[in-house]
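Notes follow once the structure below has been shown.
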Amino acid sequence: MRKAPVDIAVTRRLLLGALGVAAAIAVFAPCAAFAAHGASPLKVVDSTIVAAPPEKVWAIVSDFAHADWLPGVARVEASGGDVPDEARRRLIMADGGVIEELLTKRDTERMMLGLHREGDDVKRLPATNYTALITLRPAAEGKTEVEWKARFYRGHPTNDPPPELNDDVAIVAVTALLRADLAALKAKAEGRIPSPRP
Amino acid sequence: MVRINASAPHPNPLPASGERGRARVLFAALLLLLSSAASASEAFVTAQGADALSIVDLSKMETVATLPIGGKPAGIAVSRDGARAFVTSPEGKFLTVVDAATRRIEKRIPIEGGPLGVAASPDGKRVYVADLYGRRLVEIDLASGAQRSVGVGAMASGVAVAPDARTIVVADRDDNALSLIDAASFSRVATVAVGKHPFGVTIDAAGARAYSANVESDDVSVIDLRARKVVATLKCGSRPYTVALARGRVFVANQHGDSVSVFDAESLAPLETLKVGEYPEGLAASADGARVYVANWFSNELWALDARTLKIVGKAETGDGPRAFGAFIRDAE
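So the protein lines, in turn, are chains P and Y.
Under our numbering, think of the first position of the first sequence as 1278, with each following residue one higher.
Under our numbering, think of the first position of the second sequence as 161, with each following residue one higher.
Following this line, the structure appears as structure tokens:
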């Protein structure tokens, strides 16, 4: 779904300040692709059946540069084409935040797409080093099973996390993220109007 | 499927006289099964999500036992004689000592911080554990239980002991370096700058070279241990995690590449890139070098590779989130 231009304009006006701050932080922070993390990666797996053929769903999923169907995304800035470890996208969120993601895998034959979130914002998602692996498989009646797996670490980088940044909080948040992402993909692929954004 | 557990209690007394012949045959068959179970090589795979150790029979490529460990087990070291397995639990802050033959937990040793990488001395008397958060390597004397520490770099991860037992190598992940520890004096004698974020570290059978998998620079540093310097850098797949050596070849597990890169150990020429399961992590070779095993974290599998033909020769399902970070193969006697 393409957003109405007025939304973007409003978003831009409202959040220029916030973006400015983010840019300033980006300048001063070392550009660490993979932030510090502990010893115990966590895993969440979710899946859904989409009433569309695998080729059609793959066309949406694999179009890394145009993922404006993702929940809460106002627009996408992308670079590097669709080459793994080169392609990057900046998800400009409707709330003004920015999420940067690197394409880590694009296997058309097996219909698998991998991505890694660069830079962590535990206020947005109380987890770090989020990596996703999306796999499409043919399902009955010409439909598609979409499996979305996530690897991440809790928000707190070392042992003894505060309660708001522990494993359970991270798992709950990533579970909700995957559910929302899958619902949005399903709506997009099935040509339905997506549910209102939170 | 018949499952023989070597730690099972003594079999029931044989049935009375009339069935003696059949019982004798059954008993003989049981003995045979027991002996074959004891002689099969096994993989001790830490399944971190499952909070357990998955023990895989490598002749059948099948998980034959699951041992609850707790504390999110990650690191593993099977002693050279196969008698014990040492498992680190970074969240639980302890090391579990497993009697590998009976698959029983012998004891649990508390270790402060975040115990992760682990290696045993060749004689199996000492265990070395990297504390991820404490900038230290911990030595445990198993007989006395005594612990001592030596300072290393930031986020100490992989640990390897040279075959002559004199040198210990630690990957100081966030320092982009390896620490070389003199085992006798238990002091840090050198640091060697390597690629970005070294994680797994492996030493060859001659004790001449160490190899570190550098996660963030997508390469492997080859270190001459005598000269204490990097002599080569091997470009591999995306996010290399661990290194194994077999049949004169260097194997590297690439997490994001879902692959294993293979190099010739002498010429260091790249030979092949093998597609494996999803998110490969732990990698280890059998003692005879015939096979290399790789734990695939996302797809919960252990895959077997033929080190000579470079073909996939088997797959086994494991518990959730296999890490198998360390020397996880227990070779048949």
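Note that CB positions come from ideal geometry on N, CA and C, so glycine has one too.
- In the DSSP annotation of this structure, the continuous segment of the beta strand (DSSP E) that includes E266 of chain Y starts and ends at 264 to 270.
- In the structure shown, the three-state DSSP call for T1381 of chain P is strand.
- Taking 9 Å as the threshold, the shortest C-beta distance from K1426 of chain P to chain Y falls below it.
- Looking only at Y:D480, Y:A455, Y:K395, the smallest Cα-Cα distance to K1426 of chain P is reached by Y:D480.
- Interface criterion not met: the Cβ of R268 of chain Y is under 9 Å from no Cβ in chain P.
- Going by C-alpha positions, T206 of chain Y is about 19 Å away from D241 of chain Y.
- Sequence-distant partners of A447 of chain Y (beyond 5 residues in either direction) whose C-beta falls short of 6 Å from its own C-beta, in its chain, are D491.
- Membership of R286 of chain Y in the beta strand (DSSP E) is indicated by the continuous run 286 to 291.
- Against chain P, the CB of L255 of chain Y has no partner CB under 9 Å away; the residue lies outside that interface.
- Closest by C-alpha distance to A306 of chain Y, out of Y:I271, Y:Y293, Y:P275, is Y:I271.
- Short of 8 Å from the beta carbon of D1398 of chain P, and not among the five residues preceding or following it, lie these beta carbons of its own chain, in chain order: G1374, I1376.
- Excluding the 5 residues flanking it on each side, S377 of chain Y has same chain C-beta neighbours closer than 8 Å at G355, K356, H357, in chain order.
- Within the DSSP bridge table, the entry for A279 of chain Y names Y:Y288 as partners.
- Secondary structure at L1462 of chain P: helix, using DSSP grouped into helix, strand and coil.
- With respect to the 9 Å criterion, F359 of chain Y and T393 of chain Y are not classified as neighbours on the basis of their beta carbons.
- At a beta-carbon threshold of 9 Å, the residues of chain Y lying near N1436 of chain P are P250, E251, K253, G273, G274, L292, Y293, ordered along the chain.
- Remark: C-beta atoms of A316 of chain Y and A344 of chain Y do not approach each other more closely than 9 Å.
- By the 16-neighbour rule on beta-carbons within 10 angstroms, D211 of chain Y is buried.
- Sequence-ordered contacts of the segment 415 to 428 of chain Y with chain P read Q415, H416, G417, D418 [C-beta pairs closer than 9 Å].
- Sixteen is the threshold: since fewer than 16 other Cβ atoms of the shown chains lie within 10 Å of the Cβ of A429 of chain Y, the residue is exposed.
- The C-beta of W457 of chain Y comes closer than 9 Å to at least one C-beta of chain P.
- Residue-level contact check: L1454 of chain P does not touch chain Y, since none of the beta carbons of chain Y fall below 9 Å from its beta carbon.
- In terms of beta-carbon proximity, D480 of chain Y lines the interface with chain P, with at least one pair separated by less than 9 Å.
- Assigned with DSSP and collapsed to three states, K1426 of chain P falls in strand.
- With a contact defined as Cβ atoms closer than 8 Å, C396 of chain Y and D379 of chain Y qualify at about 6 Å.
- With a 10 Å radius around the Cβ and a threshold of 16 neighbouring Cβ atoms, G1419 of chain P comes out exposed.
- For E1395 of chain P, the enclosing beta strand (DSSP E) stretches over residues 1389 to 1395.
- CA-to-CA, the gap between M1388 of chain P and R268 of chain Y works out to about 44 Å.
- Not a single C-beta of chain Y is nearer than 9 Å to the C-beta of H1433 of chain P.
- The beta-carbon separation of I1411 of chain P and L1319 of chain P, rounded to 18 Å, does not stay under the 8 Å limit for a contact.
- T1405 of chain P is outside the set of residues whose beta carbon lies under 9 Å from a beta carbon in chain Y.
- Not flagged as an interface residue toward chain P: G311 of chain Y, since no C-beta distance is shorter than 9 Å.
- Residue state for F458 of chain Y is assigned as coil, using DSSP reduced to three classes.
- Taking the beta carbon of K232 of chain Y as reference, the chain P residues within 7 Å of it are S1317, listed in sequence order.
- Among the residues facing chain P, D334 of chain Y is included, as its CB has a counterpart in that chain under 9 Å away.
- Proximity of S398 of chain Y to chain P, defined by a Cβ-Cβ separation below 9 Å, is satisfied.
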